[in-house]
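In this note's numbering, the protein residues as written are 383 to 479.
Glycine included, each C-beta is placed from N, C-alpha and C at the ideal position.
On a predicted model such as this, the values are computed, not experimentally measured, just so you know.
To start, the structure itself, in structure tokens.
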Amino acid sequence: MSHSRWKTLRERKLAEGFTEPEDVAEARREIRLSLALAKAVYDRRTELGLTQTELADRAGLTQAKISRIEGSDTVPTLPLLAKLAKALDATVNLTRL
383 MSHSRWKTLR ERKLAEGFTE PEDVAEARRE IRLSLALAKA VYDRRTELGL TQTELADRAG
443 LTQAKISRIE GSDTVPTLPL LAKLAKALDA TVNLTRL
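Below is the structure:
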């Protein structure tokens with residue numbers, strides 16, 4: 383099934399009053415957060431004109447770790463986020479979602 387067809391079916395179910403189980407909704411929120419972080423890291427790194435290797439050197443990480451973060455294959459710990467933010471000349475701002 384194509385993504386657009388799946389999305390249409392999902393929207394129809396939601397319009398009919400279907401609600402997702404809470405664990406599915408929570409997983410969806412976590413995925414959105416992971417993707418948002420990945421995009422923010424990538425956007426800031428490219429804005430600074432850094433390669434993944436250069437960012438890794440600045441943050442004391444490996445290029446593979448940066449790649450996994452940008453690919454949203456891993457969720458960094460708070461200490462790692464702090465290192466990453468410093469290397470990107472940025473700050474970590476946690477808000478309640």
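Collapsed DSSP secondary structure at VAL457 in the structure displayed
DSSP places VAL457 outside both helix and strand once states are collapsed to three, so it counts as coil.
Determine the contact status of ALA464 and ARG426, defining contact as a CB-CB distance below 8 angstroms.
No; because the gap between Cβ atoms is not below 8 angstroms, this pair is not in contact.
Reduced DSSP secondary structure (H/G/I, E/B, other) of ALA397
Three-state DSSP puts ALA397 in a helix.
Could you tell me which of LEU430, THR459, THR428 and GLY431 sits nearest to LEU443, measuring between CA atoms?
For the residues LEU430, THR459, THR428 and GLY431, the minimum Cα distance to LEU443 belongs to THR459.
Output the boundary residues of the alpha helix (DSSP H) element that contains SER416.
Here the alpha helix (DSSP H) through SER416 covers 404-429.
Please report the residue range of the alpha helix (DSSP H) in which LEU476 lies.
First-last for LEU476: undefined, no H or E at that position.
Using a Cβ-Cβ cut-off of 8 angstroms (strictly less than) and excluding sequence neighbours within five positions of TYR424, which residues of its own chain qualify?
Closer than 8 angstroms at the Cβ level, and outside the excluded window around TYR424, lie GLU452.
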